[in-house]
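Accompanying notes for the structure given below.
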Amino acid sequence: MIRKIFIAFVASFSFSVAQAQTTQEQPGADLIVINAKIFTGSRAQPEASALAVKNGRIYSVGSDADILGLKNSSTEIIDARSRTLIPGIIDAHIHVLNDLAYNYNVRWDGVPTLRRALTMLSEQAARTPKGQWVKVIGGWSPYQFEENRFPTLDELRSAVPDRPLIVQYAYNQAFLNKQAMEALGVGTDRFPKVPDTEFERDSRGNPTGVIHGYTWLFLALESMVPQPTFDEQVSSMVYSIHGLNRFGVTSIIDNGGRWPYPEAQARVDVLARDNRLNVRMPFVDLQLGDGGPVNMVDLEIEAITKTAPISAGQNLHPTLAHGHEYRGAGEVLSGEVHDHENFDRPAVIIEPEKMRRFVEQDVMKLVQRRIPFRMHVSYNENISPFLDALEKVNETISLDGLKWSLEHAETISPENIARVKKLGGGIALDAKMALHGDGFIRTYGREKALETPRLRMLVDSGIPLAMTTDAFRAATFNPWVAVSWMVSGKAVSGSEILAENNRLSRTEALKLFTSGAAWFMNAEAELGIIAPGNLADFAVLDRDYFAVPEDQISSISSVLTIMDGKVVFGAQDYSALSPTLPDILPAWSPVKYFGSYHGEK
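Numbering (numbering that gives the first Met the number 0), first residue to last: 0 to 600.
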């Protein structure tokens, strides 16, 4: 009896070993890309022609012959056909979760003429159902148009005669037709009473439909128009991320918006649980409250310690590295010290004592709890008192080891650059000057514009530094518009907007969207360069970034975007590899007919 049991055990054990051997991972690569001009971003191995991927990470980088030696019977091999391959782009400051109505909006990003932009509105008005609005919410600039001007109210009314219409320019101004004015209650008590709101008026004193203001006005208006359903919000996220993938973006940091933690995360979870989140998406959280004055820092601490406890660096995605990590508080930490970034108006200067109290009372709470933070501050006049107070905080509780950064910092001085670096902070710039620099020149003068921001000095300082888009409202989500501006010094209008000695080389500009941006994700050891062991995020471009004329840089897009070793976008030769997108919601969505960027459809 004992002998029979022993024989059965041996047989069972042998079968288990054999089964384990047959299911054991096959040696070799999952994916190989050959015949590429690889910009690795790594000083140790700056160039290569091939790379191999295994289990979502770069397995090896080298020559075609060396890398092809790593293939097995199931390896997928992609021929890049001598195209340029770069690390996946990281947009370290963007607002995907603030634009969960993305599919409701006509995107004017990249549209070359006002004539075409107005035609898009007219076509969309014909398919927008009754009860819905025709909307253009940010991402464009009048200076991008061949006509180099804003639309007139008559042109807008003619394009959209029988639906409410809002056309929003950044966070600067909005154009409303008659139906929209009536729906929003312009001229009545129903219209939001937001400070610094200005109405353009006709000769009889009546509002024309052009409204000027700051961020809070436009957030309030957005809450008053028809809202997307939960499923439409998820669909909006799918299609906005698809638009990012089209330009080679594989990672973003979401910088907060109308939907706070943990409410916004329910939308992300729908994609994460089905492994359909096609971008790494760490987030910082912004708590606006339910209206009226609030302490945003206190609300943040309450949300992450009581409502849905989470710690800095905790990843809510079940499988994707840096998939949906909590990266702290921001970018707005207090409405009272928010200095906006409307270049059509003089700078908003915060009373220094108010800034000091905010830092010592509220930022101190974040430092004490080791919660990373990001502070929106555009103007040097406000950066100085912020740093004065932060240095005092640092004397009491060290900032050492705590990730924090200034967001935007357009006019930061050399002295304050050095102070940020000494305190261990970073600076996340943005490319609004590329779109709105002509307005900046009118407000502050050309000489000031040429040094805004101090790109050369910032790069040479060695401070942790990223360039970002700050999309989808303040600017376009196309990172190549930003790269073009940094390299050529020209805005979308063609105006010189950066002095020649304040521009960057093509390599330096690209690094601000790759290895430089990785610091803000706390992922500099595994993202931003093409190197063995790093996460397999990269893009094959439709033209050679390092060789094309400067005026073509802004038109670059990806033909193949890989995130986590998987194809998330394919075009041209690689269209068949692109994952199939679900049907867009709603069916009348402008994105369905025009795409997310000019030329996509």
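Glycine is no exception: its CB is placed at the ideal position from the N, C-alpha and C atoms.
Segment limits, alpha helix (DSSP H) that includes residue i
{"i": "residue 177", "result": "177 to 183"}
{"i": "residue 105", "result": "Neither: residue 105 is in no alpha helix (DSSP H) and is coded neither H nor E."}
{"i": "residue 387", "result": "379 to 395"}
{"i": "residue 335", "result": "It is not in any alpha helix (DSSP H) - residue 335 carries neither H nor E in the DSSP assignment."}
{"i": "residue 412", "result": "Looking at the DSSP string, residue 412 is not in any alpha helix (DSSP H), and its letter there is neither H nor E."}
{"i": "residue 122", "result": "113 to 126"}
{"i": "residue 593", "result": "589 to 593"}
{"i": "residue 447", "result": "445 to 449"}
{"i": "residue 458", "result": "454 to 460"}
{"i": "residue 364", "result": "363 to 367"}
Buried or exposed by the 16-neighbour rule on C-beta atoms within 10 Å, applied to residue i
{"i": "residue 229", "result": "exposed"}
{"i": "residue 22", "result": "For residue 22, the predicted model reports a pLDDT of 44, less than 50, meaning its position is unreliable; a value from the coordinates is still stated below. So residue 22 counts as exposed."}
{"i": "residue 391", "result": "exposed"}
{"i": "residue 20", "result": "Since pLDDT at residue 20 reaches only 42, below the 50 mark, its modelled position is unreliable, and the value read off the structure follows with that caveat. Exposed."}
{"i": "residue 607", "result": "Nothing about residue 607 can be read from this structure; the chain reaches only from 0 to 600."}
{"i": "residue 266", "result": "buried"}
{"i": "residue 297", "result": "exposed"}
{"i": "residue 200", "result": "exposed"}
{"i": "residue 399", "result": "exposed"}
{"i": "residue 340", "result": "buried"}
{"i": "residue 71", "result": "exposed"}
{"i": "residue 203", "result": "exposed"}
{"i": "residue 598", "result": "exposed"}
{"i": "residue 231", "result": "buried"}
{"i": "residue 100", "result": "buried"}
{"i": "residue 348", "result": "exposed"}
{"i": "residue 397", "result": "exposed"}
{"i": "residue 477", "result": "buried"}
{"i": "residue 62", "result": "exposed"}
{"i": "residue 141", "result": "buried"}
Limits of the beta strand (DSSP E) - the one that residue i falls within
{"i": "residue 206", "result": "206 to 211"}
{"i": "residue 518", "result": "Unbroken run through residue 518: none, as it is neither H nor E."}
{"i": "residue 404", "result": "403 to 407"}
{"i": "residue 604", "result": "The question about residue 604 has no answer, for the chain in this structure spans 0 to 600."}
{"i": "residue 78", "result": "75 to 78"}
{"i": "residue 309", "result": "Careful: residue 309 lies outside any beta strand (DSSP E) and carries neither H nor E."}
{"i": "residue 30", "result": "30 to 33"}
{"i": "residue 399", "result": "Element bounds for residue 399: n/a, residue is neither H nor E."}
{"i": "residue 284", "result": "282 to 284"}
{"i": "residue 198", "result": "197 to 200"}
{"i": "residue 36", "result": "36 to 38"}
{"i": "residue 267", "result": "Where residue 267 is concerned, there is no enclosing beta strand (DSSP E), although the alpha helix (DSSP H) it sits in stretches over 264 to 272."}
{"i": "residue 192", "result": "Looking at the DSSP string, residue 192 is not in any beta strand (DSSP E), and its letter there is neither H nor E."}
Beta-carbon separation (whole angstroms), residue i vs residue j, contact threshold 8 Å
{"i": "residue 145", "j": "residue 111", "result": "6 Å"}
{"i": "residue 475", "j": "residue 108", "result": "4 Å"}
{"i": "residue 330", "j": "residue 283", "result": "7 Å"}
{"i": "residue 318", "j": "residue 278", "result": "Not confirmed; about 14 Å, so no contact."}
{"i": "residue 196", "j": "residue 216", "result": "5 Å"}
{"i": "residue 471", "j": "residue 137", "result": "6 Å"}
{"i": "residue 127", "j": "residue 135", "result": "With 8 Å as the limit, residue 127 and residue 135 do not qualify as a contact, their Cβ atoms being about 12 Å apart."}
{"i": "residue 35", "j": "residue 106", "result": "Contact doesn't hold; Cβ gap of about 31 Å is too wide."}
{"i": "residue 321", "j": "residue 522", "result": "5 Å"}
{"i": "residue 241", "j": "residue 580", "result": "6 Å"}
{"i": "residue 173", "j": "residue 167", "result": "5 Å"}
{"i": "residue 539", "j": "residue 79", "result": "5 Å"}
{"i": "residue 595", "j": "residue 238", "result": "6 Å"}
{"i": "residue 75", "j": "residue 117", "result": "No, residue 75 and residue 117 are not in contact; Cβ-Cβ is about 45 Å, not under 8 Å."}
{"i": "residue 64", "j": "residue 28", "result": "Incorrect: roughly 14 Å between the Cβ atoms, too far for contact."}
Beta-bridge partners of residue i, as assigned by DSSP
{"i": "residue 353", "result": "DSSP lists no partner for residue 353."}
{"i": "residue 429", "result": "467"}
{"i": "residue 557", "result": "540"}
{"i": "residue 49", "result": "61"}
{"i": "residue 624", "result": "There is simply no residue 624 to check, as the chain begins at 0 and stops at 600 in what is shown."}
{"i": "residue 375", "result": "406"}
{"i": "residue 324", "result": "314"}
{"i": "residue 133", "result": "164"}
{"i": "residue 604", "result": "Residue 604 falls outside the range modelled here, since the chain spans only 0 to 600, and no answer is possible."}
{"i": "residue 84", "result": "37, 539"}
Contact with chain B by residue i, beta-carbon distance below 8 Å
{"i": "residue 548", "result": "Going by chain labels, chain B is absent from the structure shown, which holds only one protein chain."}
* What residue ranges within the segment 213 to 252 form continuous alpha helix (DSSP H) runs of no fewer than 4 residues, ordered along the chain? -> 214 to 222, 229 to 245
Worksheet item: Where are the beta strand (DSSP E) runs, 3 residues long or more, that stay fully inside the segment 145 to 173, in chain order?
Response: 164 to 168
| task | Starting from the N-terminal side, write out each stretch of the beta strand (DSSP E) that is 3 residues or longer and does not extend beyond the segment 486 to 548. | result | 537 to 540
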